[in-house]
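*Asks:* Start counting the sequence shown at 1; every next residue gets the next number (the UniProt record's numbering).
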Amino acid sequence: MEITPTRQSAKILMFPVAARASASNLSGKAKFAAELASLRNRMDFGSGWYHEAAIEEEKQDRKS
């Protein structure tokens, strides 16, 4: 019979629950920054009509 040494597998360690920061544990400064970010206006500038107009103008110049 062959004797094989047993090899230990990796240990799984759990992080302490208190060390995890959740959204409810944010500092007052972080909560304020998150609120400000949510209030910012999101800008939408459209599809670039000026670019489309320049392409059309170029097409017309080539035809003439």
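We put the CB at the ideal spot given by N, CA and C, even for glycine.
Determine the direct distance from the alpha carbon of R40 to that of V17, and round the result to whole angstroms.
*Replies:* The alpha-carbon atoms of V17 and R40 are separated by roughly 34 Å.
*Asks:* Could you pull out every residue in the same chain whose Cβ sits closer than 6 Å to the Cβ of P5, ignoring the five residues on either side in sequence?
*Replies:* Hits under 6 Å: none found.
*Asks:* DSSP on I3, reduced to helix/strand/coil?
*Replies:* I3: coil per DSSP, three-state reduction.
*Asks:* On the three-state DSSP scale, how would you describe F15?
*Replies:* In the structure shown, F15 sits in coil (DSSP, three-state: anything other than H, G, I, E or B).
*Asks:* From A37 to G28, what distance separates their C-alpha atoms?
*Replies:* Answer to the nearest angstrom: the Cα atoms are 14 Å apart.
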